[in-house]
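Quick note, the sequence shown lines up with residues 10 to 321 if you use the working numbering.
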Amino acid sequence: MPAYHEPVMKSEVLHYLNIHMEGVIVDGTLGDGGHTEFILKNTAPDIRVFAIDRDLSAIERARERLSPFRDRVTLAHGNLGDIKSLAAQNGITHIAGLLMDLGVSSPQLDTPGRGFSIQHDGPLDMRMDPSQKTSAAELLEKLSDIELMSIIKNFGEERYSKRIVRAIRKEQAERPITTTGQLSRLVARVVSSPRHSRIHPATRTFQALRIAVNDELEQLKSALQDVVGLLNSTARLVVISFHSLEDRIVKTFFRDEQKGCSCPPKIPQCICGRSQTLKIITRKPLVPSEDEVAQNPRSISAKLRVAERVYV
Ligand SMILES: C[S@@+](CC[C@H](N)C(=O)[O-])C[C@H]1O[C@@H](n2cnc3c(N)ncnc32)[C@H](O)[C@@H]1O
């Protein structure tokens, strides 16, 4: 069994959730349950956690780990984007806080059979939920050149998307691309990393495909939209993201919800009818300490943002 995922910035998460004596905290990305366990250990017995993950194997691992707290925790298999219906199905109408620790977990990355890793060869899969329809290999077959180029460019922030797609098509003309090794080698042949960089040249392509396979950005946007209606007054929304696309979505969402009215400034009277729903608590994102990065290098790109529900 791979080692448990190391939860990032867990003290900051607990501090900023600002949990009181009772209520339901939602962990929208349970993973191995490290954050949930830390929250349950450090809060009052009337605090419950409702936790979601789209990966059934993560839920099973976490269920075992969280068994000492079984009376205080409910686990659900599903997508962040369905947070509203998942909460409703479990009788939850109000929540006292939400954590989203986005991206993939260490067991997902370190299990070659899941197909997320550039380091280990495995099937080119990348589905967080293996019961989902389309794997990364199937996506490469199915998409047009333009669609694939746009995914690699936009979701991977990759300058050489055209070159990469050309190389993918050349390989596919000879044989299907079915493994992570095959894809990472072919990208490395046409894209070079800056000298002394430890980042593999295929990192951005892998990121782009993973985001597309799991529809990560749309899931995040709907989760943010839907959760606001569930938050109690002063409940906190804590989001940890690991790349700039996610962080931008969170930052823009917080800013818009703090502003409320979205009418153009020239209009003398508000016609959109929107009012402020969030107050930003962290003007700039928090990042892990040097000590944490030294102990857990995977935490290096974490950015944590916090907002608080307000009713005006
Ligand atoms: C970084 S890990 C979370 C680790 C966790 N905080 C811990 O302490 O172990 C992210 C987890 O979120 C899940 N996940 C990512 N996006 C999701 C989504 N849209 N819906 C549900 N689960 C998602 C992944 O399957 C993964 O298990």
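The beta-carbon is built from N, C-alpha and C at its ideal position, and this holds for glycine as well.
All figures in this text were calculated on a predicted structure; none of them were measured in a lab.
V113 Cβ short of 7 Å to ligand 1 heavy atom set:
V113 Cβ: within cutoff of ligand 1.
Nearest to G100 by CA position, among P277, V33, L65, is which residue?
Nearest C-alpha to G100 among P277, V33, L65: V33.
With C-beta atoms as the reference, is L84 less than 8 Å away from G37?
Taking 8 Å as the Cβ cut-off, L84 and G37 do not qualify as a contacting pair.
Would you mind giving the Cβ-Cβ distance between L287 and E317, rounded to the nearest angstrom? I have them listed as a contact below 8 Å.
About 7 Å separates the two Cβ atoms, so the contact holds.
May I ask you to check if the CB of Q234 is nearer than 7 Å to at least one heavy atom of ligand 1?
No; taking the cut-off as 7 Å, the Cβ of Q234 has no heavy atom of ligand 1 nearer than that.
With respect to 7 Å, is the separation between the Cβ of H24 and the closest non-hydrogen atom of ligand 3 below this value?
Ligand 3 is not part of the structure shown, which contains ligand 1 as its ligands.
Applying the 10 Å Cβ sphere with the 16-neighbour rule, what's the burial state of S308?
Counting Cβ neighbours within 10 Å, S308 comes out buried, since at least 16 surround it.
What residue does the beta strand (DSSP E) around A244 start on, and which one ends it?
Unbroken beta strand (DSSP E) run through A244: 240-250.
Given a threshold of 16 other Cβ atoms within 10 Å of its Cβ, counted over all protein chains shown, does L133 qualify as buried or as exposed?
Under a 10 Å Cβ-count criterion, L133 is classified as buried, with 16 or more other Cβ atoms of the shown protein chains found around its own Cβ.
For M109, which of helix, strand or coil comes out of DSSP?
Taken through DSSP and simplified to helix, strand or coil, M109 comes out as strand.
Could you check what DSSP says for K230 in three-state terms: helix, strand or coil?
In this structure, K230 counts as helix in the three-state DSSP scheme.
Under the three-state reduction of DSSP, which class applies to K312: helix, strand or coil?
The answer is strand: DSSP assigns K312 an E or B state.
Using the C-alpha atoms, what's the distance from V321 back to S322?
The requested residue 322 is not part of the displayed model; the chain covers only 10 to 321.
Limits of the unbroken beta strand (DSSP E) element including T214
No beta strand (DSSP E) contains T214, which is instead part of the alpha helix (DSSP H) from 212-223.
Could you say which of L218, L233, L65, C270 lies nearest to S140 if we only look at CA atoms?
For S140, the closest of L218, L233, L65, C270 by C-alpha to C-alpha distance is L65.
Nearest-angstrom beta carbon gap, V22 and L1 [assumed within contact, 8 Å]:
Here the chain has residues from 10 to 321 only, and residue 1 is not among them.
Report all residues from its chain with a CB closer than 8 Å to the CB of R264; omit the five preceding and five following residues, and keep chain order.
Around R264: I289.
Closest by C-alpha distance to R292, when choosing among A97, C270, V247
Of the candidates A97, C270, V247, the one whose C-alpha sits nearest the C-alpha of R292 is V247.
Could you tell me if the beta carbon of R63 falls within a distance shorter than 7 Å of some heavy atom in ligand 1?
Distances taken from the Cβ of R63 to the heavy atoms of ligand 1 include one shorter than 7 Å.
Pair within 8 Å by beta-carbon distance, A105 and A244
Judged by their CB atoms, A105 and A244 are nearer to each other than the 8 Å cut-off.
Terminal residues of the beta strand (DSSP E) in which I34 lies
From DSSP, the beta strand (DSSP E) with I34 extends over 31-36.
Segment limits, alpha helix (DSSP H) that includes F59
For F59, there is no enclosing alpha helix (DSSP H); the residue is part of the beta strand (DSSP E) that begins and ends at 55-62.
Could you tell me whether the segment 213-223 touches the segment 158-172, where touching means 3 or more Cβ pairs closer than 8 Å?
Taking a cut-off of 8 Å for Cβ pairs, the segment 213-223 and the segment 158-172 touch, as three or more such pairs fall below it.
For H14, three-class secondary structure by DSSP:
When secondary structure is reduced to three states using DSSP, H14 falls in the coil class, being assigned neither helix nor strand.
If you count every other CB in all the chains shown that lies within 10 Å of the CB of S94, and 16 or more means buried, which is it?
Classification of S94: exposed, given that the 10 Å Cβ count is below 16.
Go to I155, then tell me how far its alpha helix (DSSP H) extends in each direction, as first and last residue.
Element bounds for I155: 154-165.
Considering only heavy atoms of ligand 1, does any lie closer than 7 Å to the CB of L338?
As shown, the chain starts at 10 and ends at 321. That puts residue 338 outside it, with no answer to give.
Where T188 falls: helix, strand or coil (DSSP):
The answer is strand: DSSP assigns T188 an E or B state.
If you reduce the DSSP assignment to three classes, tell me which class L295 lands in.
Strand, per DSSP.
For S115 and H14, which I take to be in contact (beta-carbon distance under 8 Å), what is that distance rounded to the nearest angstrom?
About 4 Å; that satisfies the 8 Å criterion.
With a threshold of 7 Å on Cβ separation, who are the neighbours of A138 within its own chain once the five nearest residues in sequence on each side are excluded?
The question names Ala, but residue 138 is Asp in the sequence shown. In chain order, R63, D64 place their CB closer than 7 Å to the CB of D138, counting only its own chain and leaving out the 5 sequence neighbours on each side.
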